[in-house]
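Anchor point for the sequence shown: position 210 equals 221 in our numbering, and the numbering is continuous, going up by one each time. We treat Cβ as the ideally placed atom computed from N, Cα and C, and that holds for glycine. These figures come from a predicted structure and were not determined experimentally. See below for the structure under consideration.
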Amino acid sequence: MATAAVRANFASSRLVRLLSVATARDQEALRQDAPRQDFAERLAQWLSAVDTVRLHAALPPGPVNAIPRAVSAGAKALCERTDAELAQVRAALRQGIATQAAQALRDAPHEADAGHAPHRKRHLDQQGQMAQKVAALRASVRQALSQASPRLRQLAALDAALEQTLGGREHKLMAAVPLLLEKRFEQLKREQPEGWHGAYVGEMQEMLQAELDLRLQPVIGLMHALRSEVEKHP
């Protein structure tokens with residue numbers, strides 16, 4: 012049940028849907044050629060023996076229900092702080108994506124012969140900004156959970172282990188997105204002679220917004236856990 016829910020949630024990601032549309036032909040070939048695997052089986056392929064030990068060490072030694080649920084007196088203030096931090100980071104990154112898209116449109120006449128390279132650089136620059144700011148936000152939210160209750164402190168430790176374990180894989184997967192978009196760039200240039208550049212910039216901006224939403228999901232999940240514990244112990 013949980014495995015199916017995780018798989019369905021990932022498949023419904025806006026970034027995944029947009030990439031599927033932008034690279035429809037390649038996606039169809041992959042669907043036909045790739046064997047179907049259970050999500051847990053695919054995840055296991057990403058983990059080394061060291062990763063497995065690290066994740067096991069982050070799990071509670073006994074039943075989860077045995078961990079005290081007492082919530083600190085300042086937990087509500089921690090919720091408000093993390094809400095404000097999330098809003099600030101999300102707004103700053105969205106503004107950065109929009110500003111960069113506007114700059115790309117202004118630079119179009121000077122980049123006519125440069126191909127996709129300038130767009131790839133812009134995309135990678137935005138990914139770097141997202142990775143840095145979201146990682147800092149995630150660490151701050153984990154700190155808030157650690158201060159809120161023993162139960163949430165355990166969750167924060169598990170999330171830290173997951174981030175350390177899967178961070179490298181995430182970086183590689185996200186770095187492949189600009190490469191996939193280069194095919195879309197060439198397709199629009201070939202099939203849509205009028206207005207193709209503006210259309211591509213718009214699509215790239217939408218992709219980056221969707222990528223931001225995906226990167227924020229672990230943070231939002233931690234924040235939901237914090238708020239849920241606070242609401243259960245007013």
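Exercise for the section: Determine the closest residue to VAL212 out of ASP118, GLN99 and ALA102, with distance taken between C-alpha atoms. Expected result: ASP118
Problem - Straight-line gap, HIS121 to PRO204 (C-alpha atoms, nearest Å) - result: 18 Å
Problem - For GLU217, the nearest candidate out of GLN228, LYS200 and ILE108 (CA to CA) - result: ILE108
Exercise for the section: Would you mind working out which of VAL188, GLY209, ARG201 and LEU233 sits nearest LEU29, comparing C-alpha positions? Expected result: VAL188
Handout entry: Unbroken alpha helix (DSSP H) run spanning GLY139, endpoints
Key = From DSSP, the alpha helix (DSSP H) with GLY139 extends over 128-159.
Problem - Inter-stretch contact at 8 Å, needing at least 3 Cβ pairs: the stretch 220-238 / the stretch 132-146 - result: yes
Practice task
Could you have a look at GLN203 and say whether DSSP puts it in helix, strand or coil?
Solution key: Three-state DSSP puts GLN203 in coil, outside helix and strand.
Handout entry: Nonlocal neighbours in the same chain, by C-beta distance under 6 Å from LEU26, ignoring five residues either side
Key = ALA221, GLU222 and LEU225
Handout entry: VAL241 beta carbon less than 8 Å from that of ALA84
Key = no
Handout entry: Residue burial classification, ASP170 (beta-carbon count within 10 angstroms, cutoff 16)
Key = With 16 or more other Cβ atoms inside 10 Å of its own Cβ, ASP170 counts as buried.
Practice task
Report yes or no: do the stretch 146-165 and the stretch 189-203 share at least 3 C-beta pairs separated by less than 8 Å?
Solution key: Result no; under three Cβ-Cβ pairs closer than 8 Å.
Handout entry: Which of helix, strand or coil DSSP assigns to HIS244
Key = Three-state DSSP puts HIS244 in coil, outside helix and strand.
Handout entry: ALA236 versus ALA125: straight-line alpha-carbon distance, rounded
Key = For ALA236 and ALA125, the distance between alpha carbons rounds to 47 Å.
Handout entry: Close-in-space but distant-in-sequence residues of the same chain around THR93 (CB under 6 Å, 5 per side omitted)
Key = VAL152, ALA155 and MET234
Problem - Residue range of the alpha helix (DSSP H) that includes VAL82 - result: Counting along the chain, VAL82 falls outside any alpha helix (DSSP H), and DSSP gives it neither H nor E.
Problem - Spatial distance of GLN165 from TRP207 (CA atoms) - result: 50 Å
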